[in-house]
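Asks:
Number of protein chains: 2
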Amino acid sequence: MNVELDDLKAFVKTAEMRSFRAAAETIHLSQPALTRRIQKLEATLGVPLLERTTRRIELTAVGRDFLPRARRLLDDLETSLLTVQEIAQRRSGQVNIACIPTAAYYFLPDVISAFSEAYPSIRVRIVDAGANEVLQGVLNREVDFGITLTGADDPDVAFEPLVEEPFMLACRNDHPLAEQEVVQWEDLAEHRFITVGRASGNRLILDLGLAKSGFRPRWFYEVQHLSTSLGLVEAGLGVAALPKMSLPSGPHPLIASRPLVDPVVMRTVGLVRRPGARLSPASERFHEMLLTRWRTP
Amino acid sequence: MNVELDDLKAFVKTAEMRSFRAAAETIHLSQPALTRRIQKLEATLGVPLLERTTRRIELTAVGRDFLPRARRLLDDLETSLLTVQEIAQRRSGQVNIACIPTAAYYFLPDVISAFSEAYPSIRVRIVDAGANEVLQGVLNREVDFGITLTGADDPDVAFEPLVEEPFMLACRNDHPLAEQEVVQWEDLAEHRFITVGRASGNRLILDLGLAKSGFRPRWFYEVQHLSTSLGLVEAGLGVAALPKMSLPSGPHPLIASRPLVDPVVMRTVGLVRRPGARLSPASERFHEMLLTRWRTP
DNA sequence: AATGATTGATGTGTTACTCGCATGAATGTT
DNA sequence: AACATTCATGCGAGTAACACATCAATCATT
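Quick mapping for you: the protein sequence lines, in order, are chains G and R. Using full-length UniProt numbering, the letters of the first sequence map in sequence onto residues 1 to 297. Using full-length UniProt numbering, the letters of the second sequence map in sequence onto residues 1 to 297.
This is the structure in structure tokens:
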């Protein structure tokens, strides 16, 4: 049934204006072209919709039935198209990313500053989540891309490394281990160790890294987030192994950082996105800026 | 916004089948032609709807939003087109006319018989109504055309006369007036006269016809329909002036008919239709058959 | 890792369709 | 009867949509 939207528009406008000539003018068509459109619609339907002479136009019974339906169809289409374009525009005016907390404050501030300076009207929405949640968010297209750990990846996403860093010891300045320049993992055996839960990507990496050495630290405290670990260390409740980027970078009144060796456990943080994902230009640009600023050479 | 229905169909089918090639085959298009349609839709909306590689097709976020809307639009259009065609087909399979009662049984039986023999599947629907209702029915397109009186016409309808006939006296066989071969209107003055209401077309014609003679019958009974008049005459309650076609055509055990003169009041019954009205072929044919069978030479 | 089958995208030429212009016939109005 | 205006038709021009040929990309298989 080869009906076209322009046919419906011609019919609706003609029925409303009661004039082929006037309707044609309104929709920027010549009168013969409009007449042909109406004739084509009537031929396709197999029934006249309008009764007309050179001086008078009226709807047929079928035309009267069809007119509100045609109007509704055209209205619904216009609404749909406008809605879709609004969604698209809203999406293209916003960057959505998911990020593990330890990386958010390390990677993003500089790049966000530069990005917002270049694109003042583009908003950046950061979903702060664990490594697995970041991955799910990307897979489910809830966000454009993510910043997460190597271990938490998936065959259906592409990983682009940004930074590789070691886990280090975090303890209070007045802790006995703070007197050593370098701490070995086995040195921790005699101290209360604060760890993160099994669901954490960091925990997975640590477990895998330590498996080779035969040493298994005895966890005394288990928390959900690394940032809570740091809080407990500061409170003097124990020591923790934390990624370097989550530690204070300079001298700290309470917290000391020491290299953890034998083994040195490394983690890689990078960008994950779905291959072939068509990001908005803004998201593509932000993604590029992150790579440019942070990519490991 | 130059979106076309074929664009929507291409998009919906491709999203459902997850294959350009397969979708193209289904809607009888080549794969490049379908690809171009999808590209045109995406260009018009200014946003991609599908992410695709040569081996994998998925909806974008905007595409996922748009797909149910596009489906609904196409479904609504198809429903509308089928409904319109069904109405048109039903109308073209049926003749609808309105007819004053006195004429229905006089004009229609023969023509209906001939018509139904020629067109066995076409149904004929007769709306039995007063002269004014017949006219309204035609003007409001509730019926295709009507059979009514001259007096009940309108500048917007065309009248084609079928039969011109006189009003005659109807009385019981044993009534004194039955003894006269011809009755004059003034003879009715001494007898109870049964008339029809002022809303009746017949009443209007009678009033106008008698106005010239100066004689005004004194109504003793007033009824709504002529057929009721005949019933009261038969019951011996009085006499009535009725159109010839509504009287028994041969000898009747109870009812006598006599010419009414001085004046002779005539009425014309004919077809009314809207000029330029596009009737279905069946209605046109029936209309023609009525004219052929009954038209006054 | 190499190879092959398959698919979406692009270039190109052809065809069909839509358009505007010119004009005719019909229709109300004066 | 004459005139102005409108809908319908004939016709030529231009454009859009199509299929075909082909390329590049992508997975699956070996």
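The beta-carbon is built from N, C-alpha and C at its ideal position, and this holds for glycine as well. Note that this is a predicted model, so its numbers are computed, not measured.
1. Which two residues bound the contiguous alpha helix (DSSP H) that contains Tyr106/R?
2. Is the beta carbon of Phe145/R less than 8 Å from the beta carbon of Val269/R?
3. If you draw a straight line from the C-alpha of Gly130/R to the C-alpha of Ala158/R, how long is it?
4. Across which residues does DSSP place Trp219/G in a beta bridge pair?
5. From what residue to what residue does the alpha helix (DSSP H) around Thr26/R run?
6. Anyone know if the C-beta pair for Leu188/G and Pro217/G falls short of 8 Å?
7. May I ask you to list the residues that DSSP assigns as paired with Asp128/G?
8. Under 8 Å, Cβ to Cβ, is there at least one residue of chain R near Ser283/G?
9. Buried or exposed: where does Lys9/R fall if 16 or more other Cβ atoms within 10 Å of its Cβ makes it buried?
10. Provide the residue span of the beta strand (DSSP E) that contains Glu58/G, from first to last.
11. Am I right that Ile147/R and Phe107/R are in contact with their C-beta atoms under 8 Å? What's the rounded C-beta distance?
12. Check each residue of the stretch 54 to 68 of chain R: if its Cβ is closer than 8 Å to any Cβ of chain G, include it; give the result in chain order.
13. Quick check: the stretch 273 to 286 of chain G against the stretch 255 to 264 of chain G, are there 3 or more CB pairs under 8 Å?
14. Return the residues of the UniProt domain "HTH lysR-type" (3 to 60) of chain G that lie within a Cβ-Cβ distance of less than 7 Å from chain R, sorted by chain order.
15. Answer with buried or exposed for His28/G, where buried requires no fewer than 16 other C-beta atoms within 10 angstroms of its C-beta.
16. Going along the stretch 260 to 275 of chain R in order, which residues come within less than 7 Å of chain G, judged by CB to CB distance?
17. Return the first residue and the last residue of the beta strand (DSSP E) that Pro251/R is part of.
18. Could you tell me which chain R residues have their CB closer than 8 Å to the CB of Ser80/G, listed as they occur along the chain?
19. Would you verify that the beta carbon of Arg125/R is, or is not, closer than 8 Å to some beta carbon of chain G?
20. Could you tell me if Asn96/R is buried or exposed, where buried requires 16 or more neighbouring beta carbons within 10 angstroms of its beta carbon?
21. Which whole runs of the beta strand (DSSP E) in the stretch 141 to 182 of chain G are 3 residues long or more, in chain order?
22. Is Gln184/R close to chain G? Criterion is C-beta to C-beta, closer than 8 Å.
23. Do Leu139/G and Leu77/G come within 8 Å of each other at the CB atom, strictly closer than that value?
24. Taking C-beta pairs closer than 7 Å, name the residues in chain R that Ile87/G reaches, listed in chain order.
25. Cβ closer than 8 Å: which chain R residues qualify as neighbours of Val84/G?
26. Would you mind working out which of Thr44/R, Phe286/R, Met17/R, Glu133/R sits nearest residue 354/R, comparing C-alpha positions?
27. Touching or not, the stretch 40 to 52 of chain R and the stretch 25 to 42 of chain G, by the rule of three or more beta carbon pairs under 8 Å?
28. Tell me, please, whether the CB atom of Leu188/R is closer than 8 Å to any CB atom in chain G?
29. His252/G: which of Phe66/G, Arg267/G, Leu230/G sits nearest, CA to CA?
30. Specify the secondary structure class of Glu78/G as computed by DSSP and reduced to three states.
31. Under the rule that 16 or more other beta-carbon atoms within 10 Å means buried, what is Leu208/R, buried or exposed?
32. Helix, strand or coil: how does DSSP classify Pro281/G here?
33. For Thr53/G, does the count of other Cβ atoms within 10 angstroms reach 16, so buried, or fall short, so exposed?
34. Ends of the beta strand (DSSP E) at Glu51/G?
35. Using a beta-carbon distance below 8 Å, is Leu135/R in contact with chain G?
36. Closest Cβ-Cβ distance between Leu77/R and chain G: below 8 Å?
Replies: Checking against the coordinates, here is how it stands:
1. Looking up residue 106/R in the second sequence gives position 106. First-last of the alpha helix (DSSP H) with Tyr106/R: 101 to 118.
2. As a position in the second sequence, residue 145/R is number 145, starting the count at 1. As a position in the second sequence, residue 269/R is number 269, starting the count at 1. When the beta-carbon positions are compared, Phe145/R and Val269/R stay at least 8 Å from each other.
3. Stepping through the second sequence from its first residue, residue 130/R is reached at position 130. Stepping through the second sequence from its first residue, residue 158/R is reached at position 158. Each residue's CA atom was taken as its position, placing Gly130/R and Ala158/R some 18 Å apart.
4. For the purposes of this step, residue 219/G is taken as residue 219 along the first sequence, with counting starting at 1. Beta-bridge pairing links Trp219/G to Phe193/G.
5. Here the question's residue 26/R lines up with position 26 in the second sequence. If you look at Thr26/R, you'll find it in the alpha helix (DSSP H) that goes 20 to 26.
6. As a first step, residue 188/G is located in the first sequence; it is residue number 188 there, counting from the start. As a first step, residue 217/G is located in the first sequence; it is residue number 217 there, counting from the start. Result yes, Cβ atoms of Leu188/G and Pro217/G sit closer than 8 Å.
7. Reading the first sequence from its first residue, position 128 is the one you call residue 128/G. In DSSP, Asp128/G forms a bridge with Cys99/G.
8. Mapped onto the first sequence, residue 283/G falls at position 283. Taking CB atoms only, Ser283/G has no neighbour in chain R less than 8 Å away.
9. As a first step, residue 9/R must be located in the second sequence, where it is residue number 9. Around the beta carbon of Lys9/R, a 10 Å sphere encloses 16 or more other beta carbons of the protein chains shown; the residue is thus reported as buried.
10. Stepping through the first sequence from its first residue, residue 58/G is reached at position 58. Its beta strand (DSSP E) spans residues 57 to 59.
11. By 1-based counting over the second sequence, the position of residue 147/R is 147. By 1-based counting over the second sequence, the position of residue 107/R is 107. The pair is a contact, with the Cβ atoms about 6 Å apart (cut-off 8 Å).
12. Here the close residues are Arg56, Thr60, Ala61, Val62, Asp65, Phe66.
13. Cβ pair count under 8 Å is below three, so no.
14. For the UniProt domain "HTH lysR-type" (3 to 60) of chain G, the beta-carbon criterion of a distance under 7 Å to any beta-carbon of chain R is satisfied by Val3, Glu4, Leu5, Leu45, Gly46, Val47, Pro48, Glu51, Thr53, Thr60.
15. Here residue 28/G corresponds to residue number 28 of the first sequence, with the count starting at 1. His28/G should be labelled exposed.
16. Listed by position, the residues of the stretch 260 to 275 of chain R near chain G (Cβ gap below 7 Å) amount to none.
17. In the second sequence, counting from the first residue as 1, residue 251/R sits at position 251. Segment: none, Pro251/R is in no beta strand (DSSP E) and carries neither H nor E.
18. Locating residue 80/G in the first sequence gives position 80, where the first residue counts as 1. Taking the beta carbon of Ser80/G as reference, the chain R residues within 8 Å of it are Phe66, Arg69, Ala70, Leu73, listed in sequence order.
19. Start at 1 with the first residue of the second sequence, and residue 125/R comes out as number 125. By this cut-off, Arg125/R is not an interface position.
20. The residue given as residue 96/R occupies position 96 in the second sequence. Around the beta carbon of Asn96/R, 16 or more other beta carbons sit within 10 angstroms, so the residue counts as buried.
21. Uninterrupted beta strand (DSSP E) stretches at least 3 residues long and entirely within the stretch 141 to 182 of chain G occur at 145 to 149, 158 to 172, given in chain order.
22. Within the second sequence, numbered from 1, the residue matching residue 184/R stands at position 184. No Cβ of chain G is located within less than 8 Å of the beta carbon of Gln184/R.
23. As a working note, residue 77/G is residue 77 in the first sequence. As a working note, residue 139/G is residue 139 in the first sequence. Going by C-beta atoms, Leu77/G is not nearer than 8 Å to Leu139/G.
24. Locating residue 87/G in the first sequence gives position 87, where the first residue counts as 1. Chain R residues near Ile87/G: Val62, Asp65.
25. To locate residue 84/G, count along the first sequence from 1; it is residue 84. Within chain R, the residues whose beta carbon sits less than 8 Å from that of Val84/G are Leu45, Val47, Val62, Asp65, Phe66, Arg69, listed in sequence order.
26. Here chain R has residues from 1 to 297 only, and residue 354/R is not among them.
27. The stretch 40 to 52 of chain R, when compared against the stretch 25 to 42 of chain G, does not touch it at the 8 Å Cβ threshold.
28. Residue 188/R sits at position 188 when you count from the first residue of the second sequence. Not a single C-beta of chain G is nearer than 8 Å to the C-beta of Leu188/R.
29. Within the first sequence, numbered from 1, the residue matching residue 252/G stands at position 252. Nearest to His252/G by alpha-carbon distance, out of Phe66/G, Arg267/G, Leu230/G, is Leu230/G.
30. In the first sequence, counting from the first residue as 1, residue 78/G sits at position 78. DSSP places Glu78/G in helix when its eight states are reduced to three.
31. Along the second sequence, one-based indexing puts residue 208/R at 208. Per the 10 Å Cβ criterion, exposed.
32. Taking the first residue of the first sequence as position 1, residue 281/G is located at position 281. Of the three classes helix, strand and coil, the one that applies to Pro281/G here is helix, per DSSP.
33. The count along the first sequence starts at 1 and reaches residue 53/G at position 53. Classification for Thr53/G: exposed.
34. Counting from 1 along the first sequence, the entry for residue 51/G is found at position 51. Counting along the chain, Glu51/G sits inside the beta strand (DSSP E) bounded by residues 50 to 52.
35. For the purposes of this step, residue 135/R is taken as residue 135 along the second sequence, with counting starting at 1. By this cut-off, Leu135/R is not an interface position.
36. Within the second sequence, residue 77/R is the residue found at index 77, counting from 1. Leu77/R belongs to the set of residues whose beta carbon lies under 8 Å from a beta carbon in chain G.
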